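One structure is given here, and the rest of the page talks about it.
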Amino acid sequence: MSLYTRLKYALGAFVLLLLGLGLYLGAIQLSGNFAPVVAGEVYRSNQVTAARLARYRDSYGIRTVLNLRGASPGSDWYDEEVRAAAALGMTLIDFPLSASRELTETQIRDLMRILRDAPKPLLIHCRSGADRTGLASVIYQAVIKGMDEDRAESQLSLRFGHFSVPVLSQAWPMDQTWERIEAKTALE
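According to numbering that gives the first Met the number 0, the sequence shown is numbered sequentially starting from 0.
See the structure below:
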């Protein structure tokens, strides 16, 4: 087989891999990227609609929603979420985080307090349910619940759409924040 043919096959395989990854990431977004963090206590998803919020309440008993996008009055997604949470008798907690910036020590402390003290079952979400939600989920499993670190770190992974490579990914600060938390809580 010639070098040209091998390169052509390699490029074709790479394109198929990227296409498959794109289809996977699209599918998890369309499905809501919903999953239990700790069944019966904490769940995760991407941005919720009123219909999905009602379904999650009916199926999982969700009492509190932690919105990691922060308050955004006047935005359709936010106004819908506020109305739906109120109509369903849920508590809505707005806690603004950016996936492209490391959390400050104050933000980390406040997030841990919310995760520990918010009425359960709790639904955590951000826009895609991948980066900010992944960080909150790994914190809940490893720090709040004391679960195995390797298992907890799967919450901040490609499985949920979290793609993190230094320089190539804006979500890298979520991994950096987790590494700082991990070092301070002696989980390593």
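Note that CB positions come from ideal geometry on N, CA and C, so glycine has one too. The model shown is predicted, which means the values in this text are computed figures rather than measured ones.
Would you kindly report the start and end of the unbroken beta strand (DSSP E) that includes residue i?
i: V36; result: 34-37
i: I123; result: 121-124
Where does the unbroken alpha helix (DSSP H) through residue i begin, and where does it stop?
i: I113; result: 104-116
i: E80; result: 75-86
i: D202; result: Past the boundaries of the shown model lies residue 202; the chain is included only from 0 to 187, so the question cannot be answered.
Out of the options, state which residue places its alpha-carbon closest to the alpha-carbon of residue i.
i: A49; options: G88, A34, A38, P35; result: G88
i: L134; options: R62, R54, S44; result: S44
i: S71; options: R62, T63, R82; result: R82
i: Q175; options: R100, R62, D116; result: R100
i: F94; options: R115, A117, L65, E104; result: L65
i: R115; options: V137, K183, I143; result: I143
i: E80; options: R126, L110, V36; result: R126
i: P35; options: F159, K183, E181, A182; result: F159
i: G145; options: L157, V37, L52; result: V37
i: Y55; options: S74, S30, D75, G73; result: S30
i: A188; options: L122, L155, R179; result: Because the chain is modelled from 0 through 187, residue 188 falls outside the range shown and cannot be assessed.
i: Q106; options: S74, G69, G128; result: G69
i: L157; options: E181, I180, G128, R179; result: G128
i: L155; options: R51, N32, G73; result: N32
Excluding five sequence neighbours on each side, which residues of the same chain lie with their C-beta closer than 6 Å to the C-beta of residue i?
i: W171; result: S163, P165
i: Y77; result: S71
i: A86; result: none
i: T184; result: V142
i: T103; result: none
Grouping DSSP H, G and I as helix and E and B as strand, with all else coil, what is residue i?
i: L96; result: coil
i: R62; result: coil
i: V47; result: coil
i: L134; result: helix
i: V166; result: coil
i: L157; result: helix
i: R179; result: helix
i: T184; result: coil
i: L52; result: helix
i: L67; result: coil
Can you round the beta-carbon distance between residue i and residue j to whole angstroms, since I take them to be within the 8 Å contact cut?
i: Q46; j: H161; result: Contact doesn't hold; Cβ gap of about 16 Å is too wide.
Between which residues of its own chain and residue i is the CB-CB distance below 8 Å, once the five residues before and five after are set aside?
i: R150; result: Q140
i: E152; result: V137, A141, W177
i: P120; result: G39, E40, V41, Y42, Y59, G60, I61, R62, T63
i: T90; result: R62, T63, V64, A84, A117, P118
i: L67; result: F94, P95, L96, I123, H124, C125, R131, T132, A135
i: D109; result: F94
If I measure Cβ to Cβ from residue i and keep anything under 7 Å in the same chain, skipping five residues before and after, which residues do I get?
i: D130; result: A98, H161, A170, M173
i: S168; result: F162
Could one say the Cβ of residue i lies closer than 7 Å to chain D's Cβ atoms, at least one of them?
i: I123; result: No chain D appears in this structure, which consists of one protein chain only.
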